[in-house]
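**Student:** One structure, as structure tokens, below. Some questions next.
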Amino acid sequence: MNIEFSDRIKNLPPYLFAAIDAAKQAAKSRGMDIIDLGVGDPDLPTPVLIIDSLAAAAKDPKNHQYPSYIGMLSFREAVAKWYQRRFSISIDPEREALTLIGSKEGIGHIPLAFINPGDVVLVPDPGYPVYSVATTFAGGVVHTMPLTRANGFLPDLDGIPADVCT
Numbered sequence: 001m002n003i004e005f006s007d008r009i010k011n012l013p014p015y016l017f018a019a020i021d022a023a024k025q026a027a028k029s030r031g032m033d034i035i036d037l038g039v040g041d042p043d044l045p046t047p048v049l050i051i052d053s054l055a056a057a058a059k060d061p062k063n064h065q066y067p068s069y070i071g072m073l074s075f076r077e078a079v080a081k082w083y084q085r086r087f088s089i090s091i092d093p094e095r096e097a098l099t100l101i102g103s104k105e106g107i108g109h110i111p112l113a114f115i116n117p118g119d120v121v122l123v124p125d126p127g128y129p130v131y132s133v134a135t136t137f138a139g140g141v142v143h144t145m146p147l148t149r150a151n152g153f154l155p156d157l158d159g160i161p162a163d164v165c166t
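Numbering-wise (my numbering), the sequence shown opens with residue 1 and increments by one.
Next comes the structure, spelled out in structure tokens:
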């Protein structure tokens with residue numbers, strides 16, 4: 001049986017972090033000592049307090065079921081308080097705080113709710129590869145925005161072509 005990948009998969013560029021991993025392995029095999037600035041995996045052990053707390057939570061029967069699909073209200077309220085402290089903005093924990101299992105899940109799925117086929121999406125370059133992948137999966141068109149030293153590594157909003165803005 002011949003199973004082929006979908007056109008969505010075939011049209012994706014190579015995954016940046018796979019290329020970085022291959023380059024790291026090649027450097028290590030040549031005996032190079034590298035400083036890994038890759039995907040952000042922790043290089044220090046998890047603190048014992050966190051491990052013990054996780055183990056205790058795993059033993060508690062109230063945690064032996066799926067949580068609410070919208071996440072725990074107490075967590076979303078804590079997120080709202082953090083936003084208020086950190087950015088001096090108020091968000092509604094009922095409607096504006098979204099509980100996810102990780103950033104990739106949100107970045108990968110949320111575009112499906114907001115991007116229609118053919119919509120142009122502004123993506124920073126360099127940037128997290130999932131921005132472009134999620135746009136492609138949603139049928140959007142990626143317009144990269146170079147982050148340059150000359151612009152303080154911020155997107156040049158005035159440099160967006162007029163046809164992209166319409």
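All C-beta atoms in this analysis are idealised placements derived from N, C-alpha and C, irrespective of residue type, glycine included.
1. Count the other C-beta atoms from every protein chain shown that fall within 10 angstroms of the C-beta of arginine 76, then say buried if there are 16 or more, exposed otherwise.
2. Count Cβ pairs between the stretch 136-150 and the stretch 109-124 that sit closer than 8 Å; are there 3 or more?
3. Is the distance from the Cβ of leucine 147 to the Cβ of proline 124 below 9 Å?
4. Just curious, the beta strand (DSSP E) that aspartate 52 is in, first and last residue?
5. Inspect the beta-carbon positions of glutamate 94 and leucine 73 and report whether they are closer than 9 Å.
6. Strictly by DSSP, which residues pair up with histidine 143?
7. For methionine 1, count the other beta carbons within 10 Å of its own beta carbon; 16 or more makes it buried, fewer makes it exposed. Which is it?
8. Can you give me the start and stop residues for the alpha helix (DSSP H) that aspartate 41 sits inside?
9. Aspartate 36 by DSSP, collapsed to three states: which one?
10. CB aspartate 7 to CB lysine 24, shorter than 9 Å?
11. Would you identify the three-state DSSP class for serine 29, choosing helix, strand or coil?
**Tutor:** Here's the rundown:
1. buried
2. yes
3. yes
4. From DSSP, aspartate 52 is part of no beta strand (DSSP E) but of the alpha helix (DSSP H) over 48-59.
5. Going by C-beta atoms, glutamate 94 is nearer than 9 Å to leucine 73.
6. Leu122
7. exposed
8. Neither: aspartate 41 is in no alpha helix (DSSP H) and is coded neither H nor E.
9. coil
10. Cβ atoms of aspartate 7 and lysine 24: not closer than 9 Å.
11. helix
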